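Taking it in order: structure first as structure tokens, then the write-up.
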Amino acid sequence: MSSANNTADVINGTSQASSKVPRQTVDEQFLRDIFEIMVKDALKDGSDPHSKVIEWKHPHELEKILDLHIPENSTSKPALLDICRQVVQYSVKTGHPHFFNQLWAGVDSYGLAGAWLTDALNSSQYTYEVAPVFTLMEKTVLSKMLSLIGFPDGDAIFCPGGSVSNMYGINLARFNSFPEVKTKGMQGLPNLCVLTSDKGHYSMKKGAAMLGLGIDNIIPVETDEIGRMKPEQLESTILDVKAQGRVPIMVNATAGTTVLGAYDPLNAIADICQKHGIWMHVDAAWGGGVLLSKKYRHLIAGIERVDSVTWNPHKMMGSPLQAAAFLTRHKTLLAECHSAHAKYLFQQDKFYDVTYDTGDKSIQCGRKIDVLKVWMMWKAKGDEQYEKDINNIFHCAEYLTNRLRNTEGFRLVLDKPQCTNVGFWYIPPSMRGQTEDKAWWDKLSKVAPTIKQRMTEQGTMLIGYQPEGNRVNFFRMIVSNLDVTTAEMDFVVYEIDRLGNDL
Ligand SMILES: *Cc1c(COP(=O)(O)O)cnc(C)c1O
Numbered sequence: 001m002s003s004a005n006n007t008a009d010v011i012n013g014t015s016q017a018s019s020k021v022p023r024q025t026v027d028e029q030f031l032r033d034i035f036e037i038m039v040k041d042a043l044k045d046g047s048d049p050h051s052k053v054i055e056w057k058h059p060h061e062l063e064k065i066l067d068l069h070i071p072e073n074s075t076s077k078p079a080l081l082d083i084c085r086q087v088v089q090y091s092v093k094t095g096h097p098h099f100f101n102q103l104w105a106g107v108d109s110y111g112l113a114g115a116w117l118t119d120a121l122n123s124s125q126y127t128y129e130v131a132p133v134f135t136l137m138e139k140t141v142l143s144k145m146l147s148l149i150g151f152p153d154g155d156a157i158f159c160p161g162g163s164v165s166n167m168y169g170i171n172l173a174r175f176n177s178f179p180e181v182k183t184k185g186m187q188g189l190p191n192l193c194v195l196t197s198d199k200g201h202y203s204m205k206k207g208a209a210m211l212g213l214g215i216d217n218i219i220p221v222e223t224d225e226i227g228r229m230k231p232e233q234l235e236s237t238i239l240d241v242k243a244q245g246r247v248p249i250m251v252n253a254t255a256g257t258t259v260l261g262a263y264d265p266l267n268a269i270a271d272i273c274q275k276h277g278i279w280m281h282v283d284a285a286w287g288g289g290v291l292l293s294k295k296y297r298h299l300i301a302g303i304e305r306v307d308s309v310t311w312n313p314h315k316m317m318g319s320p321l322q323a324a325a326f327l328t329r330h331k332t333l334l335a336e337c338h339s340a341h342a343k344y345l346f347q348q349d350k351f352y353d354v355t356y357d358t359g360d361k362s363i364q365c366g367r368k369i370d371v372l373k374v375w376m377m378w379k380a381k382g383d384e385q386y387e388k389d390i391n392n393i394f395h396c397a398e399y400l401t402n403r404l405r406n407t408e409g410f411r412l413v414l415d416k417p418q419c420t421n422v423g424f425w426y427i428p429p430s431m432r433g434q435t436e437d438k439a440w441w442d443k444l445s446k447v448a449p450t451i452k453q454r455m456t457e458q459g460t461m462l463i464g465y466q467p468e469g470n471r472v473n474f475f476r477m478i479v480s481n482l483d484v485t486t487a488e489m490d491f492v493v494y495e496i497d498r499l500g501n502d503l
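2 is the number that UniProt numbering gives to position 2 of the sequence shown; each next residue is one higher, with no gaps.
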């Protein structure tokens with residue numbers, strides 16, 4: 001008997017050693033029932049513009065509605081399915097066309113298919129051994145992202161979120177300046193610091209705390225009136241901290257700030273980093289998507305000069321959560337900085353090319369497979385459709401900006417937003433045409449929270465608000481659902497006025 005037949009016998013369960021009892025562990029009917037709930041309730045009904053974005057309940061109410069406790073005895077399938085319907089009913093429909101609350105929105109069918117297929121195969125990204133296809137797929141997608149940035153010979157990895165990617169940036173920058181930190185720790189090193197704009201993401205602080213730099217060593221750099229880092233302020237801050245005997249190991253520039261959507265001037269910042277020999281990181285978690293558009297990639301000009309980049313496909317590129325990449329121009333640093341050479345996982349005497357085992361570049365052990373969601377979407381759309389989609393969200397944001405500028409009762413925070421963040425105040429009729437003194441602004445600061453409460457309770461729309469610098473609470477409208485149209489922009493203007501004109 002040939003060995004090929006032998007193998008087939010083993011797989012078919014006809015060899016002597018295997019059991020004759022068929023295994024039945026896949027509950028196909030249950031999965032079909034869940035699939036129906038997902039497609040009909042969560043996706044189709046959940047994205048109907050006439051349905052609710054959220055059916056709001058306070059925590060103490062929701063606790064009473066949901067039967068969440070883990071019982072001693074098993075739960076019947078009909079009961080499980082009922083709870084699953086409730087899970088959908090009381091969850092936020094982030095694929096709803098009126099969900100504008102975060103820097104991500106929308107549920108792409110192909111991205112979702114990738115997520116489902118990923119979870120059906122339930123593996124970990126660390127070795128080629130257990131993730132052969134995903135290893136090659138990650139290599140392909142990350143190479144594509146590296147080439148769009150302009151790091152043809154770089155290295156990259158998917159991370160559990162942009163905050164962690166930013167921590168990778170700090171860790172690599174520190175390792176690049178002080179490689180001994182990996183083995184010896186911070187003892188004996190000078191006082192290290194990181195510079196970032198005062199509008200930069202708070203994950204820089206978390207990273208500094210995690211990595212033992214300390215939050216006080218995240219040095220804010222002043223921004224201009226539209227939220228961009230001022231290069232001359234960066235240079236004077238570098239000189240100041242150096243005069244204090246501190247060592248700046250990294251400058252973090254932001255490409256698309258969280259609230260105002262500002263793009264820091266990368267070329268001017270790169271000039272300064274080059275002059276002072278400082279690692280430059282770009283936090284493009286949100287705004288990196290413009291790399292896919294010839295029309296808008298000028299916003300991120302200079303990114304090819306920097307050392308490392310954070311870019312979340314789960315934000316502007318609309319891939320399902322979570323998909324976040326850390327990318328660097330330095331080919332070997334990720335491995336050098338993070339490797340621990342665990343012998344049980346990364347055996348060097350495996351029979352295949354072990355350079356395909358990418359897991360030791362990570363700070364994790366097991367790593368969720370994030371790439372299939374991104375790959376599936378990108379493969380389905382192609383570069384051309386992606387470019388159209390990115391151009392579309394910018395077009396809708398510009399359309400909304402114009403409408404707000406020309407509609408009574410609305411006031412823009414920035415006359416010309418750079419990204420698809422559109423900040424605005426709503427001024428109810430009772431407050432129009434009055435002297436805008438401190439009392440007036442105090443009163444205005446309460447308008448956005450009240451309208452937010454009403455939209456949440458009525459479930460008609462979700463938009464975020466916040467104060468920012470010396471600006472009182474304003475709405476931060478985010479256009480990131482790639483399927484958006486100008487009809488949704490009109491709805492925002494209509495709905496805010498409907499919810500707030502009696503205030
Ligand atoms: C969203 C965001 C982050 C954090 O990304 P997560 O994936 O939420 O951790 C970091 N920086 C900027 C500018 C962001 O917009």
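Backbone N, C-alpha and C define an ideal beta-carbon position, used for all residues, glycine too.
Given the structure is predicted, the values throughout are model-derived calculations rather than measurements.
Which residues share a DSSP beta bridge with ASP403? It should be pointed out that residue 403 corresponds to Arg in this sequence rather than to Asp. DSSP, once it has assigned bridges, lists no residue as partnering ARG403.
What's the C-alpha gap between GLY256 and PHE351? 45 Å
Per DSSP, what are the beta-bridge partners of ASP155 in this structure? THR328
Measure the CB-CB distance between residue 507 and ALA253 and report whether it falls below 9 Å. Given that the chain is displayed from residue 1 to residue 503, the structure contains no residue 507 and the question cannot be resolved.
Under 8 Å: do the segment 423-436 and the segment 469-485 share three or more Cβ pairs, one atom per stretch? yes
Please check the pair GLU304 and ILE272, which I expect to be a contact at CB under 8 Å, by giving their CB distance rounded to whole angstroms. About 17 Å separates the two Cβ atoms, so there is no contact after all.
Note down, in chain order, each residue of its chain lying with its Cβ closer than 7 Å to the Cβ of LYS182, except the 5 sequence neighbours on either side. PHE175, CYS337
Suppose the cutoff is 7 Å on Cβ atoms and the five residues either side in sequence are ignored; what does the same chain contact list for ASP198 look like? PRO220, VAL221, GLU222, THR223
Checking 9 Å against the spacing of the C-beta atoms, do PHE158 and PHE326 come in under that value? yes
For PHE410 and GLY500, the rounded distance between their alpha carbons: 11 Å
Between LEU103 and LYS315, which are expected to be in contact by the criterion C-beta below 8 Å, what is the C-beta distance as a whole number of angstroms? 5 Å
Checking the sheet assignment: what are the DSSP bridge partners for ASP357? Answer by DSSP bridge pairing: none, since ASP357 is not bridged.
Go ahead and pull the three-state DSSP assignment for PRO320. coil
For GLN244, count the other beta carbons within 10 Å of its own beta carbon; 16 or more makes it buried, fewer makes it exposed. Which is it? exposed
Give me the DSSP bridge partner(s) of GLU468. ARG471
Using the C-alpha atoms, what's the distance from LEU482 back to PRO429? 34 Å
On the DSSP letters alone, give me the boundaries of the alpha helix (DSSP H) that GLY212 sits inside. No alpha helix (DSSP H) holds GLY212; DSSP gives it neither H nor E.
Is there at least one non-hydrogen atom of ligand 1 closer than 8 Å to the beta-carbon of THR420? no
Examine ligand 1 and report whether any of its heavy atoms sits within less than 8 Å of the Cβ of ALA115. no
Is the beta carbon of LYS206 closer than 9 Å to that of MET250? no
With a CB to CB cut of under 7 Å and the five nearest residues on each side skipped, what residues in its chain are close to ASN101? LEU462, ILE463, GLY464
Among LYS40, PHE134, ASP353, GLN453, which has the Cα closest to the Cα of GLY95? LYS40
How would you label PHE70, buried or exposed, when you count the other beta carbons within 10 angstroms and need 16 or more for buried? Here the sequence assigns Ile to residue 70, which means Phe is not the residue at that position. The residue in question, ILE70, is exposed, as its Cβ has fewer than 16 Cβ neighbours within 10 Å.
Does the structure place the segment 370-385 close enough to the segment 275-285 that three or more beta carbon pairs sit under 8 Å? no
Straight-line Cα distance separating GLU387 from ASN267: 24 Å
Look at the alpha carbon of PRO78 and the alpha carbon of LEU62, and state the distance between them as a whole number of angstroms. 21 Å
Following the continuous alpha helix (DSSP H) through ALA120, name the residue where it begins and the one where it ends. 109-121
Could you tell me if the beta carbon of ALA285 falls within a distance shorter than 8 Å of some heavy atom in ligand 1? yes
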